[in-house]
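Under my numbering, residues 111 to 195 are what the sequence shown spells out, in order.
Glycine included, each C-beta is placed from N, C-alpha and C at the ideal position.
Predicted model only: the values in this text are computed from it and were never measured.
Report on one structure; see the data block that follows.
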Amino acid sequence: METIVALAPLLLMFLLMWLLIIRPAQKRQKTTAKMQSELQRGDKIVTVGGLHGTVDALDDTTVYVTVADGTRLQFERQAIARVVD
Numbered sequence: 111m112e113t114i115v116a117l118a119p120l121l122l123m124f125l126l127m128w129l130l131i132i133r134p135a136q137k138r139q140k141t142t143a144k145m146q147s148e149l150q151r152g153d154k155i156v157t158v159g160g161l162h163g164t165v166d167a168l169d170d171t172t173v174y175v176t177v178a179d180g181t182r183l184q185f186e187r188q189a190i191a192r193v194v195d
């Protein structure tokens, strides 16, 4: 009985950490993965490095992005941070 009482604060801390840190991070990961898989030609995007551009073409793992001066760059899908409206 004493060991359960002694472990209660540790279990409570783990539960709070899961609710406040781990669960929201998992939700963000799912949302980001869904956004990256639903990219389409013509979407305006921002990369994790802050580069703004327009999706020109897509492969299974890569995205070709056209930037302001017409330059075409190749990125991994995971490098796309968000789609801009």
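Item checked: Cα-Cα separation, L122 to Q150 -> 44 angstroms
Next item on the list: Starting from L168, follow the beta strand (DSSP E) in both directions and report where the run begins and ends.
Entry: H162 to L168
Notebook entry, point to check: E112 by DSSP, collapsed to three states: which one?
Noted result: helix
Check: Per the contact definition of three or more C-beta pairs closer than 8 angstroms, is the stretch 161-174 in contact with the stretch 118-132?
Finding: no
Next item on the list: Measure the beta-carbon distance from D166 to V175 and round it to whole angstroms, keeping in mind my assumption that it falls under 8 angstroms.
Entry: 6 angstroms
Checklist line | 8 angstroms Cβ cutoff met for L187 and Q139 | finding: Note that residue 187 corresponds to Arg in the displayed sequence, not to Leu. The answer is no: Cβ separation not under 8 angstroms.
Item checked: Counted within 10 angstroms of its Cβ, other Cβ atoms place G159 as buried (16 or more) or exposed -> exposed
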